[in-house]
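In my numbering, the protein residues as written are 130 to 824.
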């Protein structure tokens, strides 16, 4: 491919075009849903990622100054700080800022792609790569309008680090060493999980140096500045050390020896080791590669959340290829282009950690595919121009480049058009949380599954037991227990969990596993004996605050997953038999027969499926009349453990066993059959219900 070195103005114009294109494509989602009133709150579309509400809460608390110990607000998160700053200086509403920030920040990926291309004298190829990289499936999904999360800069910053490294190598001037440290440090500051990637980038650079440039002292200088950026010390101290070393290099340029550089590398490595720099890497390998269920010193064997997170599971090759390049053909072409790029520009070997981390997605989960996007997008651009060099006629060459570029963009644009992801909550669901905000105090707790923790805290301004950051097995166990055991056991567990959580914030003696603390205080040696005690009234800690249960309709479909966390023997970690719980839509009701979306049929007191028929023990019908839930029931086959709940106004059927039928969620949300000694209704709507714990 013929090298090009565009004038800086032309380069800036191409970069701006790619940036505007990336943002413009992201407006498709806004256009699709701008008139959907149920997706709007405070005159703006709501965001479409649960975790975003955690950072939004942090930014809100920064602005209001209401953060206090124990509310777990992300006031220290970089994204929250940046958002709060923008909210102060920009003339837009807070909702508008968190909605659009991902699009404007995420589209910045085109800049490092273009900069790397310029460093390699292939700006036109970089332009195609920038157009593609900004909108590829997985990258778009995690930086679209409304996807308010750290992802908006998580890939941009390490790609800038790669460019800074290549740029420093090309220029061979000490002042550019600061760029390498700057972008690597900011990358780790913005998203700490990028630390493992940064360490890998330093490692591959070290290997690259030993193989190709072991007698070139400038490469060792770059390595030193990488290692200093990785030191697990405060940003201020890190900045002082980096600037100090830079000044030392600048003033001692002629007298710096290999021995001195080796000593600095060794010291930097020791600092990383001493400050626990390898701990995050080991933790991530355990969690995502080996699916380790860490007990964190607890004597109990909890269920690991990583086993249930779709983003952390193995994915088929088709999805893997689509998410990185748009389709399998484009992906294969990208790999060919990448190999050619490595042959042409050896320095691109430094991109292996980014591409490699993307490939880990095959085993570790789809969330990692985004890391390979910028480099393989650039590789596609390179391949297109590489092949175009075989075409001698100018017009034919331009036509090939144009058609090939459009060809790699179209699958991704089609994906974006069809990717109609809804907002996290609808307007009616938010109304429930907004109403709860005026009922509960900031010190009260809400029992809800961790998926809803951040939105609840954001809209209701209360405390939660679990959220997107706190959902380890030890955290999820009591919440799952409270939602899916009987009402007495649920009430006992909820009160214990909340009061012991508060104790742990005030008293270091309660900082360990809360069940272990309970067994100690209640003088019980067996965890299974204690669990059995919860089925009857027990002496509970003094009540210090109110507890509310948030029970949404949308949680119904994930109840079997939630059940995994409490339906187990904590002494062994073995799950008990899975409960019977099926949710099916009703296709039609004819002559007393129910035809369901899962292929089953209910007729004459039996459930018919491909495996035969099963007798129904009890059949319950729920329906709304004048805004109030009513229910009718009848027994069909005495002795059968199978219950059927026909939620008529929802058009769905529940098929469940006795344990799930008696669970707190089913009794309170589905049937509104609450124990008045334990619960009282606070907010009752078809989409979400809130109950207050009375004990």
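By construction, the Cβ of each residue, glycine as well, lies at the ideal position given by its N, Cα and C atoms.
### Task
Could you tell me whether the Cβ atoms of residue 390 and residue 353 are closer together than 8 Å?
Counting from one through the chain shown, the residue named residue 390 turns up at place 261. Counting from one through the chain shown, the residue named residue 353 turns up at place 224. Cβ distance < 8 Å, so residue 390 and residue 353 count as in contact.
### Spatial distance of residue 255 from residue 541 (CA atoms)
Position 126 of the chain shown, counting from 1, holds the residue named residue 255. Position 412 of the chain shown, counting from 1, holds the residue named residue 541. Whole-angstrom Cα-Cα distance: 18 Å.
#### Entry: Where residue 704 sits in the DSSP three-state scheme
If you number the chain shown from 1, residue 704 lands on position 575. In this structure, residue 704 counts as strand in the three-state DSSP scheme.
### Message
For residue 166, which residues in the same chain have their Cβ closer than 7 Å to its Cβ, ignoring the five residues on either side in sequence?
### Response
Working through the chain shown from its first residue, we reach residue 166 at position 37. Result list for residue 166: 556, in chain order.
### Message
Let's test the definition: count the other Cβ atoms within 10 Å of the Cβ of residue 673 and tell me whether it reaches 16, buried, or not, exposed.
### Response
For this step, residue 673 is matched to residue 544 along the chain shown. So residue 673 ends up on the exposed side.
### Query
Any idea what DSSP makes of residue 710, helix, strand or coil?
Counting from one through the chain shown, the residue named residue 710 turns up at place 581. Strand, per DSSP.
### Query
Do the stretch 518-534 and the stretch 559-571 meet, that is, are 3 or more Cβ pairs less than 8 Å apart?
no
### Query
If you compare alpha carbons, which of 479, 214, 374, 634 is closest to residue 333?
Within the chain shown, the letter at position 204 stands for residue 333. Of 479, 214, 374, 634, the residue nearest in Cα terms is 479.
### Task
Starting from residue 762, follow its DSSP beta bridges and name the residues at the other end.
Numbered from its first residue, the chain shown carries residue 762 at position 633. DSSP, once it has assigned bridges, lists 749 as partnering residue 762.
### Message
Going by DSSP, what residue range makes up the alpha helix (DSSP H) through residue 818?
### Response
In the chain shown, residue 818 corresponds to position 689, counting from 1. Unbroken run through residue 818 is the beta strand (DSSP E), 817-822; no alpha helix (DSSP H).
### Task
Please classify residue 387: is it buried, with 16 or more other beta-carbons within 10 angstroms of its beta-carbon, or exposed?
For the purposes of this step, residue 387 is identified with residue 258 of the chain shown, where counting begins at 1. Exposed: under 16 other Cβ atoms inside 10 Å.
### Query
Roughly how many angstroms lie between the CA atoms of residue 715 and residue 781, to the nearest whole one?
Here the question's residue 715 lines up with position 586 in the chain shown. Here the question's residue 781 lines up with position 652 in the chain shown. Straight-line Cα distance between these residues: approximately 5 Å.
### Query
Hey, would you say residue 276 sits closer than 8 Å to residue 231, going by beta carbons?
Locating residue 276 in the chain shown gives position 147, where the first residue counts as 1. Locating residue 231 in the chain shown gives position 102, where the first residue counts as 1. Yes, Cβ-Cβ distance for residue 276 and residue 231 is below 8 Å.
### Message
So, with DSSP's three-state summary, where would you put residue 320?
### Response
Here the question's residue 320 lines up with position 191 in the chain shown. Residue state, collapsed to three classes: coil.
#### Entry: Cα-Cα separation between residue 612 and residue 626, rounded to whole angstroms
Counting from 1 along the chain shown, the entry for residue 612 is found at position 483. Counting from 1 along the chain shown, the entry for residue 626 is found at position 497. Cα to Cα, the separation comes out at about 13 Å.
### Query
Apart from the five residues just before and just after residue 247, which ones in its own chain have a Cβ nearer than 7 Å to its Cβ?
Mapped onto the chain shown, residue 247 falls at position 118. Counting only Cβ-Cβ distances below 7 Å, and skipping sequence neighbours, we find 140, 255.
### Task
Could you pull out every unbroken alpha helix (DSSP H) segment of at least 4 residues lying fully inside the stretch 611-642, listed in chain order?
616-635
### Query
If you compare alpha carbons, which of 339, 309, 516, 286 is closest to residue 242?
Counting from one through the chain shown, the residue named residue 242 turns up at place 113. Among 339, 309, 516, 286, the Cα nearest to that of residue 242 is on 286.
### Query
Does the count of Cβ pairs from the stretch 174-184 and the stretch 291-299 closer than 8 Å reach three?
no
### Query
DSSP on residue 136, reduced to helix/strand/coil?
Taking the chain shown and counting its residues from 1, the one referred to as residue 136 is at position 7. It is coil, neither helix nor strand.
### Message
Can you look up residue 424 in the DSSP assignment and give me helix, strand or coil?
### Response
Counted from its first residue, the chain shown places residue 424 at position 295. Interpretation of residue 424 is limited by its pLDDT of 47, a score under 50 that renders its predicted location unreliable; no figure is taken from the coordinates.
### Message
Cutting at 6 Å between CB atoms, please list the residues of its own chain near residue 812, excluding the five before and the five after it.
### Response
In the chain shown, the residue the question calls residue 812 occupies position 683. Answer for residue 812: 561, 564, 819, listed in chain order.
### Query
Near residue 422, which residues of its chain fall below 6 Å by C-beta distance, leaving aside the five closest residues on each side in sequence?
Walking along the chain shown from the start, residue 422 turns up at place 293. A caution first: residue 422 carries a pLDDT of 49, below 50, which makes its placement in the model too unreliable to give a value.
### Query
Roughly how many angstroms lie between the CA atoms of residue 809 and residue 288, to the nearest whole one?
Along the chain shown, read from residue 1 onward, the residue named residue 809 stands at position 680. Along the chain shown, read from residue 1 onward, the residue named residue 288 stands at position 159. Distance between the alpha carbons of residue 809 and residue 288: 54 Å.
### Query
When the Cα atoms are used, what is the spatial distance from residue 485 to residue 750?
In the chain shown, counting from the first residue as 1, residue 485 sits at position 356. In the chain shown, counting from the first residue as 1, residue 750 sits at position 621. One C-alpha to the other measures close to 54 Å.
### Message
Here's a check: name, in chain order, each residue in its chain whose Cβ is nearer than 7 Å to the Cβ of residue 227, leaving out the five neighbours to either side.
### Response
Translated into the one-based positions of the chain shown, residue 227 becomes position 98. Taken in chain order, the residues that qualify are 176, 181, 185, 212, 277.
### With 16 other Cβ atoms within 10 Å as the buried cut-off, status of residue 162
Here residue 162 refers to the residue found at position 33 when the chain shown is read from its first residue. Buried: at least 16 other Cβ atoms inside 10 Å.
### Query
In terms of residue numbering, what span does the alpha helix (DSSP H) encompassing residue 755 cover?
Mapped onto the chain shown, residue 755 falls at position 626. Neither: residue 755 is in no alpha helix (DSSP H) and is coded neither H nor E.
#### Entry: Cβ-Cβ distance between residue 507 and residue 258 below 8 Å
If you number the chain shown from 1, residue 507 lands on position 378. If you number the chain shown from 1, residue 258 lands on position 129. Taking 8 Å as the Cβ cut-off, residue 507 and residue 258 qualify as a contacting pair.
### Per-residue burial, residue 222 [other beta carbons within 10 Å of its own, 16 or more giving buried]
On the chain shown, position 93 is the one that residue 222 refers to. Under this definition residue 222 is an exposed residue.
#### Entry: Limits of the beta strand (DSSP E) - the one that residue 677 falls within
Counting from 1 along the chain shown, the entry for residue 677 is found at position 548. Element bounds for residue 677: 676-681.
### Task
Could you say which of 536, 724, 355, 676 lies nearest to residue 375 if we only look at CA atoms?
In the chain shown, residue 375 corresponds to position 246, counting from 1. Ranking 536, 724, 355, 676 by Cα distance to residue 375 puts 355 first.
### Query
Do residue 80 and residue 290 have their C-beta atoms within less than 8 Å of each other?
Residue 80 lies beyond the residue range present for the chain, which begins at 130 and ends at 824; the question has no answer from this structure.
### Query
Using the beta-carbon count (16 or more within 10 Å), is residue 519 buried or exposed?
Translated into positions along the chain shown, residue 519 becomes position 390. Label assigned to residue 519: exposed.
### Message
Taking 8 Å as the threshold (C-beta atoms), are residue 156 and residue 239 in contact?
### Response
Your numbering for residue 239 matches position 110 in the chain shown. Your numbering for residue 156 matches position 27 in the chain shown. Not closer than 8 Å, so no.
### Message
On the DSSP letters alone, give me the boundaries of the beta strand (DSSP E) that residue 722 sits inside.
### Response
Working through the chain shown from its first residue, we reach residue 722 at position 593. Counting along the chain, the beta strand (DSSP E) containing residue 722 begins and ends at 722-725.
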